[in-house]
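Colleague: Pasting a structure here, questions to come.
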Amino acid sequence: MTESKVFMKQTCNKCDGKAVFYRKYSGERLCKQCFSNSIIQKTARAISKYKMIKRCDNVAVAVSGGKDSLALLYVLNKISEKFEFNIEAITIDEGIKGYREESLQIACNFCKQLHIKHHVYSYKKIFKLTLDDALDLRTAKISSCSICGILRRRAMDIAAKEIGYNIIATGHNLDDLIQTFMINMISGDTKKISTMYPGSTNKIKPFSEIYESEIVFFAYINKIPFQSEPCSHMYEGIRTQIREFVNMLEQKHSGVKNNLLSSILKLTNTKNSYRNEKKSCMRCGNICTNNICSVCNMISNIKKS
Ligand code: SF4
Ligand SMILES: [Zn+2]
Ligand SMILES: [Zn+2]
């Protein structure tokens, strides 16, 4: 009896294959194939649910060379035929000495392997300075990742526009979304929270409902190569502590991350949301919540200094 229970536990809940993954929050045990399918289905469901992509859309996938972005490219490539959209990949080279070279190579090779057109843009080319330069020039108390993130968003906008693509897909997963939400809560930035609803802009996050740990496993079983060496600035901000805190909560109370997502969706999908107060940046014309968008603001501050 005990043995059969053990045997049952080791068998995939969807087929007779050998279970290799236990999804604690749902109690599912899945074999490699069913686990992979579940990630692809979850992604496709999120795309439909949040109306992220329409038929014939041109989707530029931001590919950094890390696990999330390459897994996203792999999944979107698989579902693009059924959903009838086009994809091309864009890598932004921030200009971080000793870090970007390897991931750039991994991204190039993987795009070649999937026969996806790959474009490389750099901060140096677009903003006339590398991230390393910008960090040297910063005077305000702003984290490296905040500067980098703001510049990357603008660089992606410029790159996607140049290649004629209207949607930008990034590999942010459920953990990233929760961390960003908590960072915005801690800094009192409710305007940013209001724009976090996954389908609210042309910047889409198809992995919004998928745990980071599941993306890692998906990349591993599908033999997706990725750079595992983190950027040297990664542990500077508060994000690392929030990641550890939420992971600790999830470990003790599985499903906490899904509950947090559901709260984020309820808070950001309301008629009172700031995202209905759309304005255009007076300098670049992009949609923002103030007169000057955060990108223009930061770039002009860096350039002044
Ligand atoms: S860890 Fe921070 S600084 Fe490094 S690439 Fe990512 S966002 Fe940029
Ligand atoms: Zn199975
Ligand atoms: Zn602007």
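Just so you know, the sequence shown maps onto residues 879 to 1183 in this note's numbering. Backbone N, C-alpha and C fix where the C-beta goes; we use that ideal spot for every residue, glycine too. The structure displayed is predicted, hence computed values, not measured ones.
Going residue by residue through the stretch 988-1055, where are the continuous alpha helix (DSSP H) segments of at least 4 residues, counting only ones entirely within it?
Modeller: Runs found: 1001-1005, 1009-1015, 1022-1040.
Colleague: Under 8 angstroms, do I1082 and I931 count as touching if we go by C-beta distance?
Modeller: In contact: I1082 and I931 (Cβ atoms closer than 8 angstroms).
Colleague: Using 8 angstroms as the cut-off, can you tell me whether the stretch 1011-1020 makes contact with the stretch 1173-1180, which would need three or more C-beta pairs spanning the two stretches below that distance?
Modeller: The stretch 1011-1020 is in contact with the stretch 1173-1180.
Colleague: Can you list, in chain order, the residues of its chain whose CB lies under 7 angstroms from that of Y900, leaving out five sequence neighbours each side?
Modeller: Excluding positions up to five away in sequence, the list reads R907.
Colleague: So what does DSSP say about E962, is it helix, strand or coil?
Modeller: Coil, per DSSP.
Colleague: Expressed to the nearest angstrom, what Euclidean distance is found between the alpha-carbon atoms of C1174 and A897?
Modeller: Taking the straight line from one Cα to the other gives about 50 angstroms.
Colleague: Is the separation between the beta-carbon of P1084 and that of F988 shorter than 8 angstroms?
Modeller: No.
Colleague: Tell me the DSSP secondary structure of E906 in three-state form.
Modeller: Note: E906 maps to strand in three-state DSSP.
Colleague: So is the beta-carbon of Q911 under 7 angstroms away from any non-hydrogen atom of ligand 2?
Modeller: For ligand 2, at least one heavy atom lies less than 7 angstroms from the Cβ of Q911.
Colleague: How big is the Cα-Cα spacing for C1159 and T1167?
Modeller: In a straight line, the C-alpha of C1159 is about 8 angstroms away from that of T1167.
Colleague: Let me know the secondary structure DSSP gives T889 once reduced to three states.
Modeller: T889: strand per DSSP, three-state reduction.
Colleague: Would you say K892 touches ligand 2, meaning its beta carbon is less than 7 angstroms from a heavy atom?
Modeller: K892 Cβ: within cutoff of ligand 2.
Colleague: Relative to ligand 2, is the shortest distance from any of its heavy atoms to the C-beta of G905 smaller than 7 angstroms?
Modeller: No, ligand 2 has no heavy atom inside 7 angstroms of this Cβ.
Colleague: Does the beta-carbon distance from Y952 to N1100 come in below 8 angstroms?
Modeller: Their beta carbons are under 8 angstroms apart, which means Y952 touches N1100 by this criterion.
Colleague: In the DSSP assignment, find the alpha helix (DSSP H) that holds T1100 and state where it starts and stops.
Modeller: Reading the sequence as shown, one finds Asn at residue 1100 and not Thr. No alpha helix (DSSP H) contains N1100, which DSSP labels as neither H nor E.
Colleague: Tell me the DSSP bridge mates of D971?
Modeller: DSSP output for D971 lists S1000 as bridge partner(s).
Colleague: Need the endpoints of the alpha helix (DSSP H) that V1134 sits in, please.
Modeller: Here the alpha helix (DSSP H) through V1134 covers 1134-1146.
Colleague: Could you tell me which of L1143, G1027, E1092 sits nearest to P1076, measuring between CA atoms?
Modeller: Per the Cα distances, L1143.
Colleague: Taking three-plus beta-carbon pairs below 8 angstroms as touching, is the stretch 950-969 in contact with the stretch 990-1010?
Modeller: Touching, yes, given that three or more Cβ pairs across the two stretches are closer than 8 angstroms.
Colleague: Using CA coordinates, which residue listed in Q888, K945, K1002 is at the minimum distance from I1093?
Modeller: Among Q888, K945, K1002, the Cα nearest to that of I1093 belongs to K945.
Colleague: Give me every residue whose Cβ sits closer than 5 angstroms to any heavy atom of ligand 1, in chain order.
Modeller: That query returns the following residues: S1022, C1023, C1026, C1109, H1111, M1112.
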